[in-house]
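Data first, discussion second: the structure below is written as structure tokens.
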Amino acid sequence: DQQVKQNSPSLSVQEGRISILNCDYTNSMFDYFLWYKKYPAEGPTFLISISSIKDKNEDGRFTVFLNKSAKHLSLHIVPSQPGDSAVYFCAASFDPANSGNTPLVFGKGTRLSVIA
Amino acid sequence: DTGVSQNPRHKITKRGQNVTFRCDPISEHNRLYWYRQTLGQGPEFLTYFQNEAQLEKSRLLSDRFSAERPKGSFSTLEIQRTEQGDSAMYLCASSLWSSGSSYEQYFGPGTRLTVT
Chain A
1 DQQVKQNSPS
11 LSVQEGRISI
21 LNCDYTNSMF
31 DYFLWYKKYP
41 AEGPTFLISI
51 SSIKDKNEDG
61 RFTVFLNKSA
71 KHLSLHIVPS
81 QPGDSAVYFC
91 AASFDPANSG
101 NTPLVFGKGT
111 RLSVIA
Chain B
117 DTGVSQNPRH
127 KITKRGQNVT
137 FRCDPISEHN
147 RLYWYRQTLG
157 QGPEFLTYFQ
167 NEAQLEKSRL
177 LSDRFSAERP
187 KGSFSTLEIQ
197 RTEQGDSAMY
207 LCASSLWSSG
217 SSYEQYFGPG
227 TRLTVT
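This is how it looks when you write it as structure tokens:
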């Protein structure tokens, strides 16, 4: 069963507008969430993360929002640029023992196309 | 330091042959992860090391798969008697874990395996 879900396989946005990528999760034990960007023929690149004790984290044009009650997070990119065109993966982890001993659980990804 | 490197980048092999992939993590990172990604899916966890100790293996890692990290530096992933279902992108990631640190993992470019 898919514990991390990205229900939109693709998204097209005009340059300069806001891109909103969504992610839902089912495991309430997850306590840390990350977004990765992936270009073709490259490995995923870390973008931004958020701990479950927060509801928002911002880094430049990228903001991640977390709604724990809805088990939902979103990535906002403002303003969107053509170079943002890539596949975006949502990932989650949980670490109740604070040992860092947890692999990441990924969604299937959303392909973002930013149109000039 | 230039990040995580993986070799080879591409490997084509015939069914039944053995293959070995290498991952060189970021030099100061003590944790090393292997993931597998197939078309249309996010990366799926295979196994993970802290220094030279292999601490966790996914049920995806059949007996034909073995991974090592001698001396806690580079790691190798070997697949014996390859099957067509092993065709995938094999991703390596590393992280630096210490108390209070975050959960970001940094990925290499991957090795694409094609089994004919």
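Protein chains in written order, with the numbering used here: chain A, 1 to 116; chain B, 117 to 232. The C-beta atom is built at its ideal place from N, Cα and C for all residues, glycine as well.
Inset, instruction - Tell me whether residue 31 of chain A sits in a helix, a strand or coil according to DSSP, three-state version. - result: Position 31 of the first sequence, counting from 1, holds the residue named residue 31 of chain A. Three-state result, residue 31 of chain A: coil.
Legend entry - Simplified DSSP state of residue 56 of chain A, which is helix, strand or coil: Residue numbering aside, residue 56 of chain A sits at position 56 when the first sequence is read from its first letter. It is a strand residue.
Inset, instruction - Taking residue 67 of chain A as part of the beta strand (DSSP E), name the residues at either end of that continuous run. - result: Within the first sequence, the letter at position 67 stands for residue 67 of chain A. Note, residue 67 of chain A: beta strand (DSSP E), 62 to 67.
Legend entry - 6 Å Cβ shell around residue 133 of chain B - same chain, five flanking residues per side excluded: Walking along the second sequence from the start, residue 133 of chain B turns up at place 17. Within the same chain, residue 133 of chain B has close Cβ partners 198.
Inset, instruction - Residues of the region 152 to 163 of chain B with a CB closer than 8 Å to any CB of chain A: list them in chain order, please. - result: Answer in chain order: 156, 157, 158, 159, 160, 161.
Inset, instruction - Apply the 10 Å Cβ neighbour rule to residue 78 of chain A and answer buried if 16 or more other Cβ atoms are within range, or exposed otherwise. - result: Residue numbering aside, residue 78 of chain A sits at position 78 when the first sequence is read from its first letter. By the 10 Å Cβ count, residue 78 of chain A comes out exposed.
Legend entry - Min CB distance residue 10 of chain A to chain B below 8 Å: Counting from 1 along the first sequence, the entry for residue 10 of chain A is found at position 10. Cβ-Cβ to chain B under 8 Å: no for residue 10 of chain A.
Legend entry - Contact list for the region 26 to 47 of chain A against chain B, Cβ threshold 8 Å: 32, 34, 36, 41, 42, 43, 44, 45, 46
Inset, instruction - Would you identify the three-state DSSP class for residue 2 of chain A, choosing helix, strand or coil? - result: As a working note, residue 2 of chain A is residue 2 in the first sequence. Secondary structure at residue 2 of chain A: coil, using DSSP grouped into helix, strand and coil.
Legend entry - Span separating the alpha-carbon of residue 93 of chain A from that of residue 224 of chain B: In the first sequence, the residue the question calls residue 93 of chain A occupies position 93. In the second sequence, the residue the question calls residue 224 of chain B occupies position 108. C-alpha separation (whole angstroms): 20 Å.
Legend entry - Three or more C-beta pairs below 8 Å linking the region 62 to 71 of chain A and the region 121 to 133 of chain B: no
Legend entry - residue 186 of chain B versus B/146, B/231, B/130, residue with shortest Cα-Cα distance: Looking up residue 186 of chain B in the second sequence gives position 70. Checking every option, the nearest Cα to that of residue 186 of chain B belongs to B/146.
Legend entry - Nonlocal neighbours in the same chain, by C-beta distance under 7 Å from residue 203 of chain B, ignoring five residues either side: Here residue 203 of chain B is taken as the residue at index 87 of the second sequence, counted from 1. Here the set comprises 229, 230, 231.
Legend entry - Amino acids of chain B, ordered along the chain, whose beta-carbon sits closer than 8 Å to that of residue 93 of chain A: Translated into positions along the first sequence, residue 93 of chain A becomes position 93. Result: 219.
Legend entry - Closest residue to residue 27 of chain A among A/52, A/87, A/38, A/21 (Cα-Cα distance): Here the question's residue 27 of chain A lines up with position 27 in the first sequence. Residue 27 of chain A has its Cα closest to that of A/52, out of A/52, A/87, A/38, A/21.
Inset, instruction - Mind listing the chain A neighbours of residue 141 of chain B? Cutoff is C-beta to C-beta under 9 Å, in chain order. - result: One-based indexing of the second sequence puts residue 141 of chain B at position 25. Near residue 141 of chain B there are no residues of chain A at all, since even the closest Cβ is about 12 Å away, more than 9 Å.
Inset, instruction - Using alpha carbons as the reference points, say which of B/151, B/205, B/218, B/143 lies closest to residue 175 of chain B. - result: Numbered from its first residue, the second sequence carries residue 175 of chain B at position 59. When only C-alpha atoms are compared, the closest one is B/151.
Legend entry - Through-space distance from residue 105 of chain A to residue 24 of chain A, alpha-carbon basis: For the purposes of this step, residue 24 of chain A is identified with residue 24 of the first sequence, where counting begins at 1. For the purposes of this step, residue 105 of chain A is identified with residue 105 of the first sequence, where counting begins at 1. Going by the C-alpha atoms only, they are around 12 Å apart.
Legend entry - Candidates A/107, A/113, A/56, of which the one nearest residue 83 of chain A by Cα: Reading the first sequence from its first residue, position 83 is the one you call residue 83 of chain A. Here the closest residue by C-alpha is A/113.
Inset, instruction - Show which residues of chain A have a CB atom less than 9 Å away from the CB atom of residue 207 of chain B. - result: One-based indexing of the second sequence puts residue 207 of chain B at position 91. Within 9 Å Cβ-Cβ: 43, 44.
Legend entry - Endpoints, the beta strand (DSSP E) within which residue 152 of chain B is located: As a first step, residue 152 of chain B is located in the second sequence; it is residue number 36 there, counting from the start. Unbroken beta strand (DSSP E) run through residue 152 of chain B: 147 to 153.
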